[in-house]
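Only one structure is covered here, and it is reproduced in the block below.
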Amino acid sequence: MKNLILLIVLFISTLNAFCQGNTKPVLLSIDGSAPMADEPLQNTQGGDLTLNQAKRENGLIVIFSCNSCPFVVGTPDFPGWEKQYNALYDQALKYNVGLVLVNSNEGKRNGADSFDEMKKRANEQNYSMPYLLDKNSKMADLFSAKTTPHIYYFNKEMRLVYMGSIDNIADSKRKKEIPYLSMAMQAQANGKKCKPNKTAPVGCSIKRIKKD
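Under the numbering used here, the letters of the sequence shown match residues 2 to 213, in that order.
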């Protein structure tokens, strides 16, 4: 009887270990909770900051960004979304929503996306908002963030209400400009759902390092 119980215990332990080893992270989707909301991230404005600390009464917008992607910084043919950051921050504050930038380009951490370069970029561009370093792309992985920029907008309960692009200006076939993020903020301020609540992110891939 004792041997049978021992075998059962060993079987359950082995099964649990197998399941844990093969568990994949849950992908963040609309109405999902913000991952790593209490994880301190190094802030170019000084010290560390968590998402919950950056959140304001009506929520938080997280923008995955970087220092070098043409979709962020611009080219002769494309203005770059970075030029909208301060205006979006001001709009977010108007609705009592926080906004932060997060740099997850761990693959460029010894070059263009080092913390020193982040501070330099923030100063040169007069960023109004916190600019946070995501070590080892941990937050980007849990958010399933793909590009710079990639937008995640959370409501007052820190539940995701919009994800995707800032607008559609990168679409050469667009018939008119659609300010997705601004529309989402307006909808939330009026107690309505974001429509659309999800758009395709457009930008450079986040530069992760290979993990074991």
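All C-beta atoms, glycine included, are put in the ideal place defined by N, C-alpha and C.
Neighbourhood of residue i by C-beta distance below 8 Å, restricted to the same chain and skipping five residues each side
i	result
D91	S129
Distance CB(residue i)-CB(residue j) smaller than 7 Å
i	j	result
W82	I210	no
N124	Y96	no
N44	L52	no
L29	S173	no
Option in the options with minimal Cα separation from residue i
i	options	result
A201	A190, K208, M159 and T149	T149
R160	N198, F79 and S105	N198
D142	F65, K176 and A55	F65
L102	R110, F79, A55 and N137	A55
V203	Q46, K194, F79 and L61	F79
A35	A190, F155 and P131	F155
N205	V63, G47 and N104	First, the residue type needs correcting, since residue 205 is Cys and not Asn in the sequence shown. Out of V63, G47 and N104, N104 has the C-alpha closest to the C-alpha of C205.
I62	D39, K157, K212 and K193	K157
Exposure label - residue i; buried when at least 16 CB within 10 Å
i	result
D135	buried
Q85	buried
G47	exposed
I9	Model confidence at I9 stands at a pLDDT of 41, short of 50, so the residue's coordinates are unreliable; what they give is reported in the following sentence. The residue is exposed, with fewer than 16 neighbouring Cβ atoms inside 10 Å.
Proximal residues to residue i (C-beta, below 7 Å), its chain only, five neighbours per side dropped
i	result
R57	N97, V98 and G99
L7	Unreliable placement is indicated for L7, whose pLDDT of 39 sits below 50; the coordinate value is still reported in the next sentence. For L7, where only same-chain residues beyond five positions count, there are no Cβ hits under 7 Å.
R175	N169
Residues near residue i in its chain [Cβ-Cβ closer than 6 Å; skip 5 each side]
i	result
K109	K208
K196	none
H151	F65 and P202
K212	none
Inter-stretch contact at 8 Å, needing at least 3 Cβ pairs: the stretch 110 to 122 / the stretch 65 to 77: Flag = yes, the stretch 110 to 122 and the stretch 65 to 77 touch.
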